[in-house]
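Plus 296 on top of the position in the sequence shown (first one is 1) and you've got the working numbering.
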Amino acid sequence: SDLQTLVKLKEKDYTDLLNYGENFDRYRSTLADLLSNRYIYYLKENPFQESSQPNSLNAPLAYFSLPKGFSTLVLSEKDTNSIKHKTISTYQKLTQLHLKQKDSLSTLITSLERLAYVKDNYTFKNTNLLYEEALLKYQYYFSNPKLQSWITYKLASFYYHQADKKNKPTYYNKSIDFCARTLELNPNSLQAKEAFLLKKTIEKEKLHIQSVQHILPNKPSKVLVTYQNIDTLHLMAYKVPFDYEEDFGR
């Protein structure tokens, strides 16, 4: 295949091209990775000639499966010219390559991107639930703490963006827990820095008070208080002279 042809090329001849980003010489820094991911980016940014059935998906659970299961999956022959099929097929080829090379970190990063792609681009029942369950399974599939930190940060980010005080009131707490877990697993990593910033954002104190512009004498008046991470609020009312506003404006 074209991917295998790229693998056979001597990468030392392309060092200047590959030497970029914090992933260089750590994960997905091969010529095959570079060109495959540029191809995926191109497909995402140029959704031309999409299938007449853009949401067709014969086995949604399989697309959320663990790396080995996904690598052996027989992709549907329908819509082979669609953007989605080409993207999923490329992710599968990369996964097969990294599994063959026994490159766990590259396998994980490619898999996390594939999971996010399926979640964002296929519409079927319980998409977010399937994505969440997949990430939770990945924690046990990858036992190395440094690898697990990538997954725990993805979970922290997922719970943060899905948080809703009315329908999902515990999601902010879940996000904080996974941020803390990420910092514990791999404290000096990029994902730990992102987790620290996310935790700081969630725990930040916010307060906004809004009242009506004109308050009538001897009449009850309301104020709207919007707050976050504040458990106590003290208010004090001061009596001001009638002509205070006029004097203050001078």
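Yeah, the Cβ is synthetic: ideal placement off N, Cα and C, and Gly gets one too.
All values reported here derive from a predicted model rather than from experimental measurement.
Can you check which of these residues, Glu499, Ser402 and Lys462, is closest to Ile526 by C-alpha distance? Closest option to Ile526, Cα to Cα, is Glu499.
Look up Lys470 in the DSSP assignment and say whether it is helix, strand or coil. Correct three-state label for Lys470: helix.
Same chain, Cβ closer than 8 Å to Tyr427, neighbours up to 5 away in sequence not counted: Apart from sequence neighbours up to five positions away, the residues of its chain that approach Tyr427 with a beta-carbon distance below 8 Å are Phe360, Leu411, Ala412, Val414, Lys415 and Phe454, ordered along the chain.
Between the region 326-335 and the region 378-393, do at least 3 Cβ pairs fall closer than 8 Å? As far as the Cβ criterion goes, the region 326-335 touches the region 378-393, which means the pair count is three or higher.
Span of the beta strand (DSSP E) around His548: With the chain represented from 297 up to 546, any question about residue 548 goes unanswered, as that position is not in the structure.
Throw me the rounded Cβ distance for the Leu404 and Leu362 pair, which I believe falls under 8 Å. With a Cβ gap of about 11 Å, Leu404 and Leu362 do not count as contacting.
Start-to-end residues for the alpha helix (DSSP H) that takes in Leu331: Its alpha helix (DSSP H) spans residues Leu327 to Glu341.
May I have a chain-ordered list of the alpha helix (DSSP H) segments no shorter than 4 residues that lie completely inside the region 426-502? The region 426-502 contains these whole alpha helix (DSSP H) runs: 441-458, 467-481 and 486-499.
Per-residue DSSP class, three states only, for Asp539: Looking at Asp539 - three-state DSSP - the assignment turns out to be coil, as it is neither helix nor strand.
With distances taken from CA atoms, which of Asp460, Lys489 and Lys450 is nearest Phe474? If we check each option's Cα against that of Phe474, Lys450 comes out closest.
Nearest candidate by alpha-carbon position, reference Lys382, set Asn424, Ser402, Tyr338 and Thr419: The shortest CA-to-CA distance from Lys382 to any of Asn424, Ser402, Tyr338 and Thr419 is the one to Tyr338.
With burial defined as no fewer than 16 other Cβ atoms inside 10 Å of the residue's Cβ, what is the status of Ser372: buried or exposed? Per the 10 Å Cβ criterion, exposed.
Less than 6 Å between C-beta atoms, sequence neighbours within five positions excluded: which residues of the same chain meet that for Asp399? Scanning its chain for C-beta atoms nearer than 6 Å, with the 5 sequence neighbours on each side dropped, one finds no residue around Asp399.
Selection from Lys433, Lys461 and Phe366 that minimises the alpha carbon distance to Tyr523: Its Cα nearest to that of Tyr523, the residue Lys461 stands out among Lys433, Lys461 and Phe366.
For Thr478 and Glu409, what's the separation of their Cα atoms in angstroms? One C-alpha to the other measures close to 18 Å.
If you follow the alpha helix (DSSP H) that Tyr413 is part of, which residue opens it and which one closes it? Looking at the DSSP string, the run of the alpha helix (DSSP H) that includes Tyr413 is Ser400 to Asn417.
If you run the structure through DSSP and keep just helix, strand and coil, what is Asp527? Taken through DSSP and simplified to helix, strand or coil, Asp527 comes out as coil.
Hey, would you say Ser332 sits closer than 8 Å to Thr368, going by beta carbons? No, the Cβ-Cβ distance between Ser332 and Thr368 is not below 8 Å.
Distance, Cα to Cα, Ser471 vs Gly365? Going from the Cα of Ser471 to the Cα of Gly365 covers about 28 Å.
Note the first and the last residue of the continuous alpha helix (DSSP H) segment covering Phe366. In the DSSP assignment, Phe366 falls within the alpha helix (DSSP H) that extends over Pro363 to Ser367.
Tell me, please, whether the CB atom of Leu486 is closer than 8 Å to any CB atom in chain D? No chain D appears in this structure, which consists of one protein chain only.
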